[in-house]
Amino acid sequence: DGGITQSPKYLFRKEGQNVTLSCEQNLNHDAMYWYRQDPGQGLRLIYYSQIVNDFQKGDIAEGYSVSREKKESFPLTVTSAQKNPTAFYLCASSMKTGELFFGEGSRLTVL
Amino acid sequence: RKEVEQDPGPFNVPEGATVAFNCTYSNSASQSFFWYRQDCRKEPKLLMSVYSSGNEDGRFTAQLNRASQYISLLIRDSKLSDSATYLCVVNMAGTASKLTFGTGTRLQVTL
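Listed in order, the protein sequences are those of chains A and B.
Counting in the numbering used here, the first sequence runs without a single skipped number right up to 111 at its last residue.
Counting in the numbering used here, the second sequence runs without a single skipped number right up to 222 at its last residue.
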């Protein structure tokens, strides 16, 4: 079945560590996105990519990095520079119409 | 003023009731509009796009009022399974593939 796969589903990190969240899609979508969701807040855009080898910062890119070496993959690294990384991270992809398809999300907790 | 605003609720309604949510947006040049549904601790899923002429999908009706800059979602004959958070999503003009999410309206349907 086509879809978006995020891993891991749950992740615990010690302060000062970098972690990488995986996002893979087999929908043949050009655009991919990373969002962060905190309780009581709307989804906030971290990074997005409209084409392979190109990506742009979203509204809250500080402390995060991404790569887009393959159309299917858009991993997100949460670096130690991110001050408050505990959150629910959602990866999405879309056709040009703008409808987003989300993965199941990754819950990151900093210990 | 927030770019996209929603009443957080919760809206508590009995099964079979009709309930309506509004969502206001600040950018008059916004081009496309969507309602997403998000279950607790799950990823958002597209419920329906909102077209200028209004559109209906079974028990759900979405409308757009460009003059007053809001979109609405009407749910008729509410079911227990409709309990979820409903996210309003707006594609702001000139932001190529970037969508802005409201914080969501929580609906609880009870027996």
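Cβ coordinates follow ideal geometry from the N, Cα and C atoms, glycine included.
What are the boundary residues of the beta strand (DSSP E) that includes residue 131 of chain B? As a position in the second sequence, residue 131 of chain B is number 20, starting the count at 1. Taken as a continuous stretch (DSSP letters only), the beta strand (DSSP E) holding residue 131 of chain B covers 130 to 136.
Could one say the Cβ of residue 126 of chain B lies closer than 8 Å to chain E's Cβ atoms, at least one of them? As a matter of chain content, chain E is missing from the structure shown, whose protein chains are A and B.
Could you tell me which residues DSSP pairs with residue 15 of chain A in its beta bridges? Residue numbering aside, residue 15 of chain A sits at position 15 when the first sequence is read from its first letter. According to DSSP, which records beta bridges pairwise, residue 15 of chain A is partnered with nothing at all.
With 16 other CB atoms within 10 Å as the buried threshold, where does residue 147 of chain B fall? Looking up residue 147 of chain B in the second sequence gives position 36. When all chains shown are included, residue 147 of chain B counts as buried.
Using a threshold of 8 Å, state whether the C-beta atoms of residue 201 of chain B and residue 210 of chain B are closer than that. Working through the second sequence from its first residue, we reach residue 201 of chain B at position 90. Working through the second sequence from its first residue, we reach residue 210 of chain B at position 99. The answer is yes: Cβ separation under 8 Å.
From the DSSP output, in three-state form, read off residue 54 of chain A for me. Position 54 of the first sequence, counted from the first residue, corresponds to residue 54 of chain A. Residue state, collapsed to three classes: strand.
From A:72, A:41 and A:99, pick the residue whose C-alpha is nearest to that of residue 26 of chain A; which is it? Here residue 26 of chain A refers to the residue found at position 26 when the first sequence is read from its first residue. Ranking A:72, A:41 and A:99 by Cα distance to residue 26 of chain A puts A:72 first.
Local conformation of residue 141 of chain B per DSSP, three classes: Reading the second sequence from its first residue, position 30 is the one you call residue 141 of chain B. Residue 141 of chain B: coil per DSSP, three-state reduction.
Taking 8 Å as the CB-CB limit, is residue 154 of chain B close to chain A? Reading the second sequence from its first residue, position 43 is the one you call residue 154 of chain B. Any Cβ of chain A closer than 8 Å to the Cβ of residue 154 of chain B would place that residue at the interface, and such an atom is present.
Any beta-carbon of chain B closer than 8 Å to the one on residue 102 of chain A? In the first sequence, counting from the first residue as 1, residue 102 of chain A sits at position 102. Yes, its Cβ sits closer than 8 Å to a Cβ of chain B.
Please tell me whether residue 221 of chain B has its Cβ less than 8 Å away from any Cβ of chain A. Counting from one through the second sequence, the residue named residue 221 of chain B turns up at place 110. Chain A contact via Cβ: absent.
Exposed unless 16 or more other CB atoms sit within 10 angstroms - verdict on residue 3 of chain A: The residue labelled residue 3 of chain A in the question sits at position 3 within the first sequence. So residue 3 of chain A ends up on the exposed side.
Return the residue from the list A:111, A:82 and A:9 that minimises the CA-CA distance to residue 64 of chain A. Position 64 of the first sequence, counted from the start, is the residue given in the question as residue 64 of chain A. Sorting A:111, A:82 and A:9 by C-alpha distance to the C-alpha of residue 64 of chain A places A:82 at the top.
Counting Cβ pairs, one atom from each stretch, are 3 or more of them under 8 Å apart for the segment 147 to 165 of chain B and the segment 96 to 110 of chain A? yes
Nearest-angstrom Cα separation, counted from residue 187 of chain B out to residue 131 of chain B: The residue given as residue 131 of chain B occupies position 20 in the second sequence. The residue given as residue 187 of chain B occupies position 76 in the second sequence. Using only the alpha carbons, I get a separation of about 9 Å.
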